[in-house]
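With full-length UniProt numbering applied, the sequence shown has no gaps in its numbers, which climb one by one up to 315 at the end.
We treat Cβ as the ideally placed atom computed from N, Cα and C, and that holds for glycine.
Structure first, commentary second.
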Amino acid sequence: MSDVLVVSEHRRGELRDVSYEAITAGRELADARDGDLHVAVVGGDVGRFAEDLNRQGVDAVHAVSNGEEFDHNVYQSAVGALLEGTGAEAVVIPNSVNGLDYAPAVAEAHGYPLVTDAIGFEYDDGLTVTREMYGSKVETTVDVTGDQFVLTVRGGEWAPAEGVGDATVEPVEVDHPESGARVTGFEEVGGGDVDIADADVLVSVGRGIEEEENLELVEDLADALGATLSASRPIVDNGWLPKNRQVGQSGKVVTPDVYIAIGISGAVQHVAGMKGSDTIVAVNTDPNAPIFDIADYGIVGDLFDVVPELIDEFA
Ligand SMILES: Cc1cc2nc3c(=O)[nH]c(=O)nc-3n(C[C@H](O)[C@H](O)[C@H](O)COP(=O)(O)OP(=O)(O)OC[C@H]3O[C@@H](n4cnc5c(N)ncnc54)[C@H](O)[C@@H]3O)c2cc1C
């Protein structure tokens with residue numbers, strides 16, 4: 001029996017989706033190891049977060065009330081204290097900017113192996129992790145020796161946790177060492193308040209749109225559907241939409257209910273960011289475009305003909 005500690009993550013007063021996904025990964029791991037699943041929440045509105053996390057089928061929630069969000073020293077000392085306090089030997093951390101800031105330090109401090117950016121794993125007397133390389137062109141597996149490790153999990157790869165709320169919630173006060181870093185604030189890259197990762201319906205536009213002026217067409221479709229506008233990288237590289245709208249390997253990972261790809265070819269780096277969408281609809285003139293390999297519904301046609309028809313249908 002060997003317990004697992006998942007570290008949740010929050011931003012701007014909300015638990016992030018990847019927290020619930022990490023709990024699913026942690027639950028799988030804890031069950032395979034015949035151990036308990038502990039979840040840590042550090043800083044912010046810990047009382048409210050802990051109540052929420054307690055409803056996700058976990059065994060214990062540890063609420064560290066002191067310490068600042070984004071300060072990796074705070075997270076490192078909180079995780080260290082909780083590993084000692086709970087006896088957990090495996091740590092699951094979101095593969096986010098924040099998670100990647102402290103996961104290596106936790107691993108180093110405890111002498112644990114670190115495997116980052118997991119998209120899957122199997123546990124059978126030991127951990128075998130699946131990762132992707134070369135822009136998702138190659139899948140690799142990594143065997144971890146021993147029961148103690150730190151694993152960071154990619155967002156959108158596990159279903160969000162759904163459980164029951166019978167865990168204990170334990171407030172924890174951690175004596176954080178003096179930090180060499182100071183958090184001065186939070187600024188969204190690319191400006192704007194839109195987080196495409198939160199959208200239920202995304203209308204995503206690619207190079208098939210040809211000109212910046214034509215973006216209005218897809219904006220009208222997004223309006224008609226009550227959807228949020230996102231894009232492939234060339235649209236962002238051209239400066240037509242801000243960076244926070246980019247889906248993909250070097251953009252955001254999104255898992256909406258519906259993802260409508262307009263004039264997007266389906267390059268691996270794009271697909272890496274949206275393949276977890278529930279329903280994928282693609283509009284493309286090229287019947288052999290790779291996006292059709294993962295689309296649930298495909299329309300082979302010119303977007304300048306198809307999109308106005310869709311707007312008429314939904315407006
Ligand atoms: C390290 C690295 C990281 C990357 N990260 C990302 C990332 O995060 N996100 C990302 O998106 N890309 C990323 N890329 C770029 C990626 O490889 C592709 O170049 C990019 O996704 C292509 O965007 P696109 O599909 O819009 O354009 P294209 O590949 O040019 O596809 C345009 C599509 O539009 C179709 N089309 C053209 N005209 C019409 C029309 N009138 N009606 C309908 N369809 C039409 C074409 O048939 C074509 O399939 C990355 C690349 C690298 C090397």
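Unbroken alpha helix (DSSP H) runs of no fewer than 4 residues, entirely contained in the segment 31–110, are found at 46–53, 72–86 and 97–110, following chain order. Judged by their CB atoms, V203 and D257 are not nearer to each other than the 8 angstroms cut-off. At least one heavy atom of ligand 1 lies closer than 7 angstroms to the C-beta of T285. R154 has its CB no nearer than 7 angstroms to any heavy atom of ligand 1. According to the DSSP assignment, I280 belongs to no alpha helix (DSSP H) but to the beta strand (DSSP E) extending over T279 to N284. For D147, the Cβ stays outside the 7 angstroms cut-off from all heavy atoms of ligand 1. The segment 120–130 and the segment 34–42 do not touch, with fewer than 3 CB-CB distances between them shorter than 8 angstroms.
Look at S277: its beta carbon is at least 7 angstroms from all of the heavy atoms in ligand 1. In terms of CA proximity to Q56, P160 leads the group P160, E313, N244 and G146.
Around G206, the same chain offers S232, G263 and I264 as residues with beta carbons nearer than 6 angstroms, after the five sequence neighbours per side are excluded. The C-beta of T184 has fewer than 16 other C-beta atoms within 10 Å across all chains shown, which makes the residue exposed.
Under the three-pair Cβ rule at 8 angstroms, the segment 174–181 does not count as touching the segment 129–145. Rounded to whole angstroms, the gap between the alpha carbons of I294 and G85 is 45 angstroms. With three or more CB-CB distances shorter than 8 angstroms, the segment 148–157 counts as touching the segment 79–93. R131 carries a strand assignment under DSSP once its states are collapsed to helix, strand and coil. Proximity of the beta carbon of P234 to ligand 1 is indicated: a heavy atom of the ligand is located closer than 7 angstroms.
Using a C-beta cut-off of 8 angstroms, the segment 62–75 makes no contact with the segment 23–32, since fewer than three inter-stretch Cβ pairs fall below that distance.
Look at F121: its beta carbon is at least 7 angstroms from all of the heavy atoms in ligand 1. For the pair V218 and E51, the Cα-to-Cα distance works out to about 40 angstroms. If you draw a 10 Å sphere on the C-beta of A315, you find fewer than 16 other C-beta atoms in it, and that means exposed. The residue from A199, V74, D195 and L241 with its alpha-carbon nearest to that of E212 is L241.
In the three-state reduction of the DSSP assignment, L29 falls in the helix class, which pools H, G and I. In the structure shown, the three-state DSSP call for D3 is coil.
Considered as a whole, the segment 236–283 harbours 258–262 as its complete beta strand (DSSP E) runs of no fewer than 3 residues, in chain order. Here G156 is near V253, since their CB atoms are less than 8 angstroms apart.
In this structure, D220 has its beta carbon at no less than 7 angstroms from each heavy atom of ligand 1.
Partner residues in the beta bridge of Y297, as assigned by DSSP, are V281.
According to the DSSP secondary-structure assignment, T152 is paired through a beta bridge with I93.
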